[in-house]
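**Student:** First, the structure itself, so that you have it in front of you.
In my numbering, the protein residues as written are 119 to 383.
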């Protein structure tokens, strides 16, 4: 198979997974090593809330073993709280933290996830262009939560720059982006957030991810991944429905389904 497909979850360090995914007697420092026995990639999202450090990511790589690939969510100073005077220094600090993963060829992607308030206007288009050029040495993925970005002008620009547009699975409700599986670079990137439309805009943000995909929904994703496969060299799939250990449960089922179709190594 020419296309490498890896399946994992968004985050791994969830104490509530103990007894659901992690064994009840497993210590928290052993979570990543246990996780990496079952999944060969993980999307780290703590890096959105606090700037990662090189020694920290090097330790993660050591604990996971050589077979695990890491993707990181970009720090909020690059996507949500953008300061025109300092975003370049934030990107430089973020890039320095990634150095051990880059050197070991263990960096899957950097995810720039922009909020719904990141509007499709000239200033933000200009910023995104500058950001993607400054980060051209990294495997870049963008995820938009504002549907206005889903147009051919943006798609062509991402292709020209070799930037991946994330395919997202979200509830079919007003205000969320459409379901588009467009491969704009050699990397395809899928994020499954769940389809809990009733709680998506609620005050408790964690509840939006309380969703467990059924087998029929996952089989539909097998078909979508199969359609991406001829156009990509690598496909990374992450489940973000982390509430109550549903993410690793669904990730394991998807792996089995992909193996059954002969799509997974």
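Idealized CB from N, CA, C, for every residue including glycine.
In this text, all values refer to a predicted model and were calculated from it rather than measured experimentally.
Does the distance from the CB of residue 216 to the CB of residue 205 come in under 9 Å?
**Tutor:** As a working mapping, residue 216 is identified with position 98 in the chain shown. As a working mapping, residue 205 is identified with position 87 in the chain shown. Their beta carbons are not under 9 Å apart, which means residue 216 does not touch residue 205 by this criterion.
**Student:** Please list, in chain order, all residues of the same chain as residue 352 whose beta carbon is under 6 Å from its beta carbon, the five residues on each side excluded.
**Tutor:** Here residue 352 is taken as the residue at index 234 of the chain shown, counted from 1. So the qualifying residues of the chain are 122, 305.
**Student:** Measure the C-alpha to C-alpha separation of residue 233 and residue 199 and round it to an integer number of angstroms.
**Tutor:** As a position in the chain shown, residue 233 is number 115, starting the count at 1. As a position in the chain shown, residue 199 is number 81, starting the count at 1. Straight-line Cα distance between these residues: approximately 10 Å.
**Student:** Whose CA, out of 192, 259, 260, 271, lies closest to the CA of residue 240?
**Tutor:** The residue given as residue 240 occupies position 122 in the chain shown. Residue 240 has its Cα closest to that of 271, out of 192, 259, 260, 271.
**Student:** Ignore the nearest five residues each way along the sequence and tell me which others in residue 139's own chain have a CB closer than 7 Å to its CB.
**Tutor:** To locate residue 139, count along the chain shown from 1; it is residue 21. Once the five neighbours on either side are set aside, the close Cβ partners of residue 139 are 363, 366.
**Student:** Within the continuous beta strand (DSSP E) that includes residue 287, where are the two ends?
**Tutor:** Against the chain shown, residue 287 aligns to sequence position 169. Taken as a continuous stretch (DSSP letters only), the beta strand (DSSP E) holding residue 287 covers 285-287.
**Student:** Does DSSP put residue 157 in a helix, in a strand, or in coil?
**Tutor:** Taking the chain shown and counting its residues from 1, the one referred to as residue 157 is at position 39. If DSSP states are grouped into helix, strand and coil, residue 157 belongs with coil.
**Student:** Return helix, strand or coil for residue 364, following the three-state DSSP convention.
**Tutor:** As a working note, residue 364 is residue 246 in the chain shown. In this structure, residue 364 counts as helix in the three-state DSSP scheme.
**Student:** State the DSSP-derived secondary structure class of residue 310, mapped to helix, strand or coil.
**Tutor:** Along the chain shown, one-based indexing puts residue 310 at 192. Strand, per DSSP.
**Student:** Relative to the C-alpha of residue 245, which candidate in 209, 220, 345 has its C-alpha closest?
**Tutor:** Translated into the one-based positions of the chain shown, residue 245 becomes position 127. That would be 209, whose Cα lies nearest to the Cα of residue 245.
**Student:** If we ignore side chains and look at the alpha-carbon of each, how far apart do residue 370 and residue 154 end up?
**Tutor:** The count along the chain shown starts at 1 and reaches residue 370 at position 252. The count along the chain shown starts at 1 and reaches residue 154 at position 36. For residue 370 and residue 154, the distance between alpha carbons rounds to 12 Å.
**Student:** In angstroms with no decimal places, state the Cα-to-Cα distance between residue 134 and residue 146.
**Tutor:** As a working note, residue 134 is residue 16 in the chain shown. As a working note, residue 146 is residue 28 in the chain shown. Using only the alpha carbons, I get a separation of about 11 Å.
**Student:** Can you give me the start and stop residues for the alpha helix (DSSP H) that residue 194 sits inside?
**Tutor:** What you label residue 194 is simply residue 76 of the chain shown in a count that begins at 1. Taken as a continuous stretch (DSSP letters only), residue 194 belongs to no alpha helix (DSSP H), as it is neither H nor E.
**Student:** If residue 166 sits next to residue 191, beta carbons under 8 Å apart, how far is it from one beta carbon to the other, in whole angstroms?
**Tutor:** Here residue 166 is taken as the residue at index 48 of the chain shown, counted from 1. Here residue 191 is taken as the residue at index 73 of the chain shown, counted from 1. Going by Cβ atoms, the distance from residue 166 to residue 191 rounds to 4 Å, so yes, they are a contact pair.
**Student:** Cα separation between residue 141 and residue 129?
**Tutor:** What you label residue 141 is simply residue 23 of the chain shown in a count that begins at 1. What you label residue 129 is simply residue 11 of the chain shown in a count that begins at 1. Each residue's alpha carbon lies about 17 Å from the other.
**Student:** Should residue 343 go down as buried or exposed, given a rule of 16 or more other Cβ atoms within 10 Å for buried?
**Tutor:** What you label residue 343 is simply residue 225 of the chain shown in a count that begins at 1. When all chains shown are included, residue 343 counts as buried.
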